[in-house]
Amino acid sequence: MVATLALFAIVASMGVPLLSTLLEAYGMARVMAPAASEGTLAMERMVREVRNAQGTVHMVNRSITFVSATGDATQLHQTHASDPGIYLVKNGEERLLAQAVEADSLTFDRFDPLPLVGISFTLSATLADGTIVRTPLSTAVHVAQ
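Those letters in the sequence shown? Residues 304 to 448, by my numbering.
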C-alpha cells in the first residue's frame, strides 16, 4: 500500500507541471486566436491592395499611398497610440482592417532595386494575468511598375 502511494506521488509530481504547461498554452492560444485571424485577414487585404498599385507608391510615417489599377486613391495606415488599428482608406471611405495591433508597429519598406514592398506589423493580446503576448507578421509584395 505504501509503495503504491509512493509510486502515485512520483507520477503525480511529474504530471502536474505538464498539466500546468498545457493549460497555460491553451489559455494563450484561446486569447491569440481571434487576433491571429484578424491579423491574417488584414495582411491578406493589404497584400491584395498593394499588389494592385499603379505608378508611384508613397511611403511615409506608417502609411502607404497609391492609386490602384482601377483608379482608386488608396491608403493603408496605422493611426496613433490611442487607436493603433490598421485602416484602409479607399476613395475617402475608411475601413478598419485590424484592431489587435501594437501601436506604431506597422511598417512599409521598399526593397530597391526590386519592385517589392515589405509589410510588417505586430499583433498584441493581453492574457488574463496581464501578460502581453506579441506576434509579428510580415511579408513582401511585388508591385507593378
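Even glycine gets a Cβ: it sits at the ideal position worked out from N, Cα and C.
Report task. Return helix, strand or coil for VAL446, following the three-state DSSP convention. Result -> coil
Query raised in the report: Tell me the DSSP bridge mates of PRO439?
Result: THR425
Query raised in the report: From GLN378 to ALA428, what does the alpha carbon distance come to, in whole angstroms?
Result: 26 Å
Query - Chain-order list of residues whose beta-carbon lies under 6 Å from that of ALA338 (same chain, five-residue window excluded) - result: ALA403, LEU426, ALA428.
Report task. Please state whether DSSP places THR373 in a helix, a strand or coil. Result -> coil
Query - Candidates PHE311, GLU341, VAL319, SER323, of which the one nearest PHE424 by Cα - result: Out of PHE311, GLU341, VAL319, SER323, GLU341 has the C-alpha closest to the C-alpha of PHE424.
Requested in this report: Check SER340 in the structure and name its three-state DSSP category.
Outcome: helix
**Report entry** Counterpart residues of ILE367 in DSSP-defined beta bridges
**Finding:** Note: ILE367 sits in a beta bridge opposite MET362, LEU379.
Query raised in the report: Roughly how many angstroms lie between the CA atoms of VAL350 and VAL444, to the nearest whole one?
Result: 6 Å
Report task. Could you pull the start and end residues of the beta strand (DSSP E) that VAL392 belongs to? Result -> 386-393
Query raised in the report: Does the beta-carbon of GLU247 have 16 or more other beta-carbons within 10 angstroms, so that it is buried, or is it exposed?
Result: Any property of residue 247 remains undetermined from this structure, which presents the chain solely from 304 to 448.
Query raised in the report: If you draw a straight line from the C-alpha of GLY395 to the C-alpha of SER385, how long is it?
Result: C-alpha separation (whole angstroms): 22 Å.
Query raised in the report: Hey, LEU409 and ILE389 are a contact pair by Cβ (cut 8 Å); roughly how many whole angstroms apart?
Result: The distance from the Cβ of LEU409 to that of ILE389 is about 6 Å, consistent with a contact at the 8 Å cut-off.
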